[in-house]
Amino acid sequence: MSLDFDGARLPNPYLTEDHEAWRDQLRKFIDSELMPYANQWEEDHKVPDEIFPKAAEVGMFAVGYPEAYGGLTEGLDVWHGNIIYEELARLGAGGVGAALTVHGISLPTILKLASEEVKQEVGPAVISGEKRISLAVTEPGAGSDVAQLITTAVCDGDFYIVNGSKTFITGGMYSSWASTAVRTGGEGLGGISLLLIPLDAEGVSRTQLDKKQGWWASDTATLYFDNVRVPVGNLVGNENEGFKAIMGNFNLERMQLIVSMEAFARVCLEDAVKWAQERKTFGKTLSQHQVIRHKIADMKQRINATQAYIQVCSKQLMDGKPNAGDIAMCKVQASQTMEFCAREAMQIMGGISYIRGNRVERIYREVRVNAIGGGSEEIMRDLASRQYGF
Ligand SMILES: Cc1cc2nc3c(=O)[nH]c(=O)nc-3n(C[C@H](O)[C@H](O)[C@H](O)COP(=O)(O)OP(=O)(O)OC[C@H]3O[C@@H](n4cnc5c(N)ncnc54)[C@H](O)[C@@H]3O)c2cc1C
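Below you can see the structure in the form of structure tokens.
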């Protein structure tokens with residue numbers, strides 16, 4: 001039995017030949033169009049614009065979205081979506097995946113709750129890779145505690161006048177829109193609305209957060225809104241029900257992170273095993289030292305557990321019965337697995353793993369953004385404990 005990326009996958013009873021064919025065509029695209037350049041894009045801090053329509057052509061942006069807006073649903077399920085994130089993780093460059101899939105945390109809500117006009121404007125443009133959309137919730141003074149946000153949108157006839165700022169916004173430098181959490185009502189979560197802000201509007205400015213630990217190929221922005229006039233028709237869902245709208249996509253967003261983290265852990269396992277079988281110390285290969293074999297077994301044990309857990313949560317989603325508590329705990333399971341495997345792979349690979357340009361080195365630097373973003377480990381445990389009623 002091999003412990004390469006595919007060999008380290010547990011049997012998954014939900015996968016069919018169709019899923020594997022979907023994986024194959026994605027892998028061909030990723031291996032030819034992304035893999036050879038991922039290192040350079042990380043160093044350049046950008047995925048070239050022309051890659052987006054190419055990724056769209058293989059269906060990477062369409063899965064699960066209604067066909068009326070350019071999406072694909074016929075014959076596709078949760079697993080086709082998961083496979084996109086698994087395959088992108090093989091790059092060992094989370095920034096490339098984050099740049100390409102940033103719409104995944106906002107477009108589902110737009111296509112569910114926005115006006116028909118907005119859906120027609122945004123959906124086809126994003127799904128075809130022509131334009132991008134970000135989600136802007138976090139502010140300098142409001143991260144986990146969304147209720148603290150102070151960016152305001154005041155209704156003035158046919159427009160909202162928006163003032164404030166958002167930070168840590170993935171894709172924010174190049175996106176055409178930000179689906180933005182704004183305060184339209186009183187204090188707390190009940191005063192928040194979701195507003196689609198065109199980022200070329202007068203009064204919007206953006207600066208890049210360039211000094212990140214990881215995810216270099218994905219741009220991260222601070223957005224400033226200075227008396228920005230946004231048509232009232234850009235309200236997404238009902239006024240003051242924005243938090244509910246954002247929450248509606250949390251399970252999907254977390255599953256995307258979870259699937260990616262498990263796959264990053266498998267990349268670490270693959271590269272560590274390959275190295276351990278080749279590298280000799282004290283007269284034998286690393287893999288012949290029991291201590292190293294135990295490290296590999298420990299990695300595989302955690303990966304197995306995470307995969308089995310992902311199967312349970314994905315099945316819940318397939319059945320339309322996601323359990324937010326289970327998904328929250330699965331996110332913690334996945335980030336701890338990624339963290340453990342990145343650490344152990346670096347130990348096994350020794351000094352070489354510390355030199356920039358290899359997958360394990362990058363994944364090690366990308367652990368924290370996964371453990372904090374999309375709901376931190378602490379917030380996930382808290383959410384789960386409330387869902388489980390203790
Ligand atoms: C690279 C990157 C990309 C991002 N992309 C986006 C994006 O596209 N859109 C967007 O809106 N945001 C984005 N974020 C922001 C991200 O969602 C926040 O960083 C996250 O929500 C945590 O908020 P915070 O950083 O303000 O930490 P805080 O909320 O200040 O928390 C700090 C620490 O305290 C812990 N903590 C907080 N409250 C509690 C509590 N009640 N009990 C115990 N512990 C607690 C947290 O777990 C965390 O460890 C991104 C962040 C990064 C780093």
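Numbering-wise (UniProt numbering), the sequence shown opens with residue 1 and increments by one.
Even glycine gets a Cβ: it sits at the ideal position worked out from N, Cα and C.
Terminal residues of the beta strand (DSSP E) in which Asp145 lies
Translated into positions along the sequence shown, residue 145 becomes position 145. From DSSP, Asp145 is part of no beta strand (DSSP E); its letter is neither H nor E.
Please tell me whether, using a cut-off of 8 Å, the distance from the CB of Asp145 to the nearest non-hydrogen atom of ligand 1 is below it.
Locating residue 145 in the sequence shown gives position 145, counting from the first residue. For ligand 1, at least one heavy atom lies less than 8 Å from the Cβ of Asp145.
Quick one: does the C-beta of Ala136 sit closer than 8 Å to a heavy atom of ligand 1?
Looking up residue 136 in the sequence shown gives position 136. Taken from the Cβ of Ala136, at least one heavy atom of ligand 1 lies inside 8 Å.
Give the single residue among Gln311, Gln288, Gln387 and Glu86 whose Cα lies nearest to the Cα of Trp22.
Within the sequence shown, the letter at position 22 stands for residue 22. Among Gln311, Gln288, Gln387 and Glu86, the Cα nearest to that of Trp22 belongs to Glu86.
Would you tell me roughly how many angstroms separate the C-alpha atoms of His45 and Ile192, rounded to the nearest one?
As a working note, residue 45 is residue 45 in the sequence shown. As a working note, residue 192 is residue 192 in the sequence shown. Each residue's alpha carbon lies about 33 Å from the other.
CA nearest to the CA of Ser179, picked from Ala217, Phe243, Gly190 and Val154:
For the purposes of this step, residue 179 is taken as the residue at position 179 of the sequence shown. Per the Cα distances, Phe243.
Expressed to the nearest angstrom, what Euclidean distance is found between the alpha-carbon atoms of Gly70 and Asp219?
For this step, residue 70 is matched to residue 70 along the sequence shown. For this step, residue 219 is matched to residue 219 along the sequence shown. Computed Cα separation, rounded: 26 Å.
Compare the beta carbon distance of Ala334 and Glu262 with 9 Å and say whether it is the shorter of the two.
Counting from one through the sequence shown, the residue named residue 334 turns up at place 334. Counting from one through the sequence shown, the residue named residue 262 turns up at place 262. A contact, by the Cβ cut-off of 9 Å.
Let me know if Glu253 comes out buried or exposed under the rule of 16 or more other beta-carbons within 10 Å of its beta-carbon.
Taking the first residue of the sequence shown as 1, we reach residue 253 at position 253. Its Cβ being crowded by 16 or more others within 10 Å, Glu253 is buried.
So Ala99 and Gly171 are supposed to be a Cβ contact under 8 Å. How far apart are they, rounded?
Counting from 1 along the sequence shown, the entry for residue 99 is found at position 99. Counting from 1 along the sequence shown, the entry for residue 171 is found at position 171. The pair is a contact, with the Cβ atoms about 7 Å apart (cut-off 8 Å).
Go ahead and pull the three-state DSSP assignment for Ser376.
As a working note, residue 376 is residue 376 in the sequence shown. Correct three-state label for Ser376: coil.
Does the Cβ of Phe220 lie closer than 8 Å to at least one heavy atom of ligand 1?
Looking up residue 220 in the sequence shown gives position 220. The sequence shown places Thr at residue 220, not Phe. Yes - ligand 1 has a heavy atom lying nearer than 8 Å to the Cβ of Thr220.
Could you tell me the alpha carbon to alpha carbon distance between Asp31 and Gly389, rounded to whole angstroms?
Mapped onto the sequence shown, residue 31 falls at position 31. Mapped onto the sequence shown, residue 389 falls at position 389. Across the structure, Asp31 and Gly389 are spaced so that their CA atoms are roughly 46 Å apart.
Given 8 Å as the limit, tell me if Val367 has its C-beta closer than that to any heavy atom belonging to ligand 1.
Residue 367 sits at position 367 when you count from the first residue of the sequence shown. In this structure, the C-beta of Val367 stays at least 8 Å away from each heavy atom of ligand 1.
What's the C-alpha gap between Lys284 and Gln311?
Along the sequence shown, one-based indexing puts residue 284 at 284. Along the sequence shown, one-based indexing puts residue 311 at 311. Distance between Lys284 and Gln311, taken at the CA atoms: about 38 Å.
DSSP state of Gly320 mapped onto helix, strand, coil:
By 1-based counting over the sequence shown, the position of residue 320 is 320. Note: Gly320 maps to coil in three-state DSSP.
First and last residue of the uninterrupted beta strand (DSSP E) at Ser106:
Here residue 106 is taken as the residue at index 106 of the sequence shown, counted from 1. For Ser106, there is no enclosing beta strand (DSSP E), as DSSP marks it with neither H nor E.
Compute the beta-carbon to beta-carbon distance between Arg279 and Leu286, rounded to the nearest angstrom, for a pair I have assumed lies under 8 Å.
One-based indexing of the sequence shown puts residue 279 at position 279. One-based indexing of the sequence shown puts residue 286 at position 286. The pair is a contact, with the Cβ atoms about 5 Å apart (cut-off 8 Å).
Enumerate, from N- to C-terminal direction, the unbroken beta strand (DSSP E) stretches of 3 or more residues contained entirely within the stretch 200-240.
Counting only runs of 3 or more, we get 204-208 and 220-231.
First and last residue of the alpha helix (DSSP H) that includes Tyr69?
As a first step, residue 69 must be located in the sequence shown, where it is residue number 69. First-last for Tyr69: undefined, no H or E at that position.
Can you tell me which of the three DSSP states Val154 falls into?
As a position in the sequence shown, residue 154 is number 154, starting the count at 1. Strand.
Given 8 Å as the limit, tell me if Phe168 has its C-beta closer than that to any heavy atom belonging to ligand 1.
Along the sequence shown, one-based indexing puts residue 168 at 168. For ligand 1, at least one heavy atom lies less than 8 Å from the Cβ of Phe168.
Are Arg356 and Gln213 closer than 9 Å when you measure CB to CB?
Taking the sequence shown and counting its residues from 1, one reaches residue 356 at position 356. Taking the sequence shown and counting its residues from 1, one reaches residue 213 at position 213. Contact flag unset, no.
Cutting at 6 Å between CB atoms, please list the residues of its own chain near Glu344, excluding the five before and the five after it.
Walking along the sequence shown from the start, residue 344 turns up at place 344. Taking Glu344 as the centre and dropping the five residues before and after it, the same chain places the C-beta of Lys295 and Met299 closer than 6 Å to its C-beta, in chain order.
Alpha-carbon to alpha-carbon, Gln148 and Arg386:
Residue mapping note: residue 386 aligns to position 386 of the sequence shown, counting from 1. Residue mapping note: residue 148 aligns to position 148 of the sequence shown, counting from 1. Roughly 21 Å between the two C-alpha positions.
In the stretch 249-314, which residue ranges form an unbroken alpha helix (DSSP H) of at least 4 residues, counting only runs that do not cross its ends?
Restricting attention to alpha helix (DSSP H) runs no shorter than 4 residues, the stretch 249-314 encloses them at 250-278, ordered along the chain.
If I follow the unbroken alpha helix (DSSP H) through Asn82, where does it start and stop?
In the sequence shown, residue 82 corresponds to position 82, counting from 1. Looking at the DSSP string, the run of the alpha helix (DSSP H) that includes Asn82 is Val78 to Ala89.
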